[in-house]
Amino acid sequence: MKSFSLVCVLMAGSLLAQEPATFDRLTFHTEPKPLAAQAVTSDWPRVLGPHDDASSPETHLLKAWPESGLTKVWEVAVGEGYTSPAIVGDYCVIFHALEGKETVECLHRETGKRFWVRDYPVEYQDRYGFSNGPRGSPVIADGVVVTLGVTSLLHAYDLKTGQELWTHDLRKDYNVPQDFFGAGSSPLIVEGRVIVNVGGKAEPFDGFEDRRDRAAKLATKGVSVAAFDLKKGEVLWKVEDEWGASYASPISAKLHGQTKVLIYAGGESDPAIGGLLCIDPATGTLHDRFPWRDEEYIQATGSSPVAIPEKNRAFITTCYPKNRPHGGVMVEYDEQFKAKEIWQSKKLGVHWMTPVYDNGHLYAIDGERENNSRLVCVNADTGVEVWSKNIEWDDAAFAQAMGRSSPMHLSILRASLLKVEGAFLCLGETGSLHWLKLSPSGCEETSRTQLFYALNTWSLPALSHGLLYIHQQAESLDRKNGTRILCYDLRVTDG
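Quick note, the sequence shown lines up with residues -17 to -1, 1 to 478 if you use mature numbering (1 follows the signal peptide of the UniProt record, and there is no 0).
Structure below.
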């Protein structure tokens, strides 16, 4: 019996210690530099980073970029989707749709070699011609990977082996409509609970309803939010509400010293309804629902809440304008976790990036469209706009790639911001990367490089152990490269 047990242990150990292997979609470029001895490093376990606020504690990052550009470590060709990688330890998990299957791949963070891959067929056609891949990014906690696909299929896998632990078809179980762009809110894991903005309704959808019948179904109360046991997949609690599923990801926040979950809910509805939910992650108690949504029918709420724990406050924002009735609002929670409005501003309406809070101010990209987007700084106490700026430049290389003789005028457009080491990494919508110093005094660009020339670069980068992971979500404009995940070296070595 002892020898048999030992064999089982050895077999299990070999399974857990399996070596990653190269595969046909991987291109390895060069090894990254060693980390500096004093470098602070961190995992990036979910879409907004380790603290749900688009920030990283990492240090010793390369600030002065060479004219030749950043060092590319590896790249992997991928299919469709608008997701960001999740990184824990040596494991980098990516999620995309490839050849009609949603595909989860676990790669080595420094080599791009693959530990495992899992996929399953999906049938999804975007109503407005955008990507048919997943929108929600993978999340990792306690050795488990969780993904929510574009058709509301929820999966959990063992991080090291890829073994499927459990799955739920939320669309079937809770009558989740396709919505405008499919399911797109990333899951959140808090204290062993997988929390999902489900967006269920009382009746199923067959896809043949006229607008009036569809509106009636969308207005019904269903499972808006649910929590599942991380290891077993059991349903732990459900919150029923009329507010559907948005494209903003839930966050955890400390309010009055207690952990709460903030969800900016609101999917397809006619007229549009939704707002900020405050929920106890342990019990599913709905403390508060704060309505905040434009009434315009076609809209997608994509910007996650911003928590300010030291003031028991949270900020949410929407951008879809018909005379722009909303924009952004700051709320404060009392000791019963009821929200009251502190201020609102029509000058801070964000499409999908999540604003970043720093030293009493919010930094964000205001505007729905490329032609009206701008970088703004807003006083978080008053809602007063401090400054706005368009970061623009002329680019001869881009013009050459497009077959034009004169330099082309570029901008960051609807960019993303990541706060790290006293500055901000800014990923522009067409593949530019910038170091910015942002303060109430203004914006200073200290470095800029062009990673690629492509449209629709919409996902926040992931930063872990001095390596930056970027999802190129559209084919390069010169058609030399397709959609891919790229890993860049931002490490600064000792000396």
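Quick reminder that beta carbons are idealized off the backbone N, C-alpha and C, glycines included.
No experiment lies behind these values; they were computed from the predicted model shown.
With a threshold of 16 other CB atoms inside 10 Å of the CB of Val218, please say whether the residue is buried or exposed. exposed
What is the DSSP secondary structure of Gln146, counted as helix, strand or coil? DSSP places Gln146 in coil when its eight states are reduced to three.
Quick one: is Gln146 buried, meaning 16 or more other Cβ sit within 10 Å of its Cβ, or exposed? Classification for Gln146: exposed.
7 Å Cβ shell around Glu324 - same chain, five flanking residues per side excluded: Here the set comprises Val312 and Val314.
What are the start and end residues of the beta strand (DSSP E) that includes Ala445? Ala445 to Ser447
Determine which residues share a DSSP beta bridge with Leu136 and list them. Asp152
Exposed or buried, what is Gly72 when buried is set at 16 or more other beta-carbons lying within 10 Å of its beta-carbon? exposed
If you draw a straight line from the C-alpha of Ser229 to the C-alpha of Val128, how long is it? Roughly 22 Å between the two C-alpha positions.
For the beta strand (DSSP E) that contains Gln241, what are its first and last residues? Gln241 to Ala248
Grouping DSSP H, G and I as helix and E and B as strand, with all else coil, what is Tyr436? Here DSSP, grouped into helix, strand and coil, assigns Tyr436 to coil.
Which same chain residues, not among the five before or five after Cys470, have their C-beta less than 6 Å away from its C-beta? Scanning its chain for C-beta atoms nearer than 6 Å, with the 5 sequence neighbours on each side dropped, one finds around Cys470 the residues Val56, Trp57, Leu450 and Tyr452, in chain order.
Please confirm whether Leu393 and Phe381 have their CB atoms less than 9 Å apart. yes
Looking at the structure shown, is Lys321 part of a helix, part of a strand, or coil, going by DSSP? coil
What is the DSSP secondary structure of Ala347, counted as helix, strand or coil? Strand.
Pull the bridge partners of Val314 from the DSSP assignment, please. Ala297 and Glu324
Three-state secondary structure (DSSP) at Gln455? strand
Excluding sequence positions up to five away, which residues of its chain have a Cβ less than 8 Å from the Cβ of Leu142? Val71, Tyr74, Val76, Cys89, Ile123, Gly126, Val127 and Val128
Given that a residue counts as buried once 16 or more other Cβ atoms are within 10 Å of its Cβ, and exposed if not, what is Ala199? exposed
So for Phe211, helix, strand or coil by DSSP? strand
Give every residue of the same chain whose Cβ lies closer than 8 Å to the Cβ of Glu174, excluding the five residues on either side of it in the sequence, and list them in chain order. Within the same chain, Glu174 has close Cβ partners Thr242, Pro264 and Ala265.
Extent of the continuous beta strand (DSSP E) to which Lys237 belongs: Segment Ile234 to Leu238, the beta strand (DSSP E) holding Lys237.
In the DSSP assignment, the beta strand (DSSP E) including Asp263 goes from what residue to what residue? No beta strand (DSSP E) contains Asp263, which DSSP labels as neither H nor E.
Please classify Leu(-12): is it buried, with 16 or more other beta-carbons within 10 angstroms of its beta-carbon, or exposed? With a pLDDT of only 34 at Leu(-12), under 50, the local geometry of the prediction cannot be trusted, and no value is derived from it.
Quick check on the DSSP output: the beta strand (DSSP E) that includes Asp341 runs from which residue to which? Val339 to Asp341
Runs of beta strand (DSSP E) wholly within the region 152 to 199 (minimum 3 residues, chain order): List check, beta strand (DSSP E) in window: 171 to 173 and 176 to 180.
How is Asn362 classed by DSSP in three states: helix, strand or coil? strand
With 16 as the cutoff for other CB atoms within 10 Å, does Asn295 come out buried or exposed? buried
Residue closest to Glu186, alpha-carbon to alpha-carbon, out of Glu41, Lys155 and Asp477: Lys155
Pro104 to Phe163 span [Cα, whole Å]: Rounded to whole angstroms, the separation of the alpha carbons of Phe163 and Pro104 is 21 Å.
Tell me, please, which residues DSSP counts as bridged to Pro121. Its beta-bridge partners do not exist; DSSP assigns none.
Does the ligand ZN have a heavy atom nearer than 8 Å to the CB of Arg154? Ligands are entirely absent from the displayed structure, and the ligand ZN is therefore not among its contents.
Rounded straight-line distance, which links the Cα of Gly250 to that of Gly165: Each residue's Cα considered, the two are about 10 Å apart.
My output table needs one value for Ala380: the three-state DSSP class, helix, strand or coil. helix
Are at least three pairs of beta-carbons, each pair with one atom in the region 35 to 44 and one in the region 399 to 416, less than 8 Å apart? The region 35 to 44 vs the region 399 to 416: in contact.
Measuring CA to CA, which of Ala4, Pro160, Trp441 and Asp317 is closest to His270? Asp317
Only counting the same chain, and skipping five residues up and downstream in sequence, which positions put a Cβ closer than 8 Å to that of Ser(-4)? Interpretation of Ser(-4) is limited by its pLDDT of 39, a score under 50 that renders its predicted location unreliable; the figure taken from the coordinates is listed afterwards. No residues qualify anywhere along the chain.
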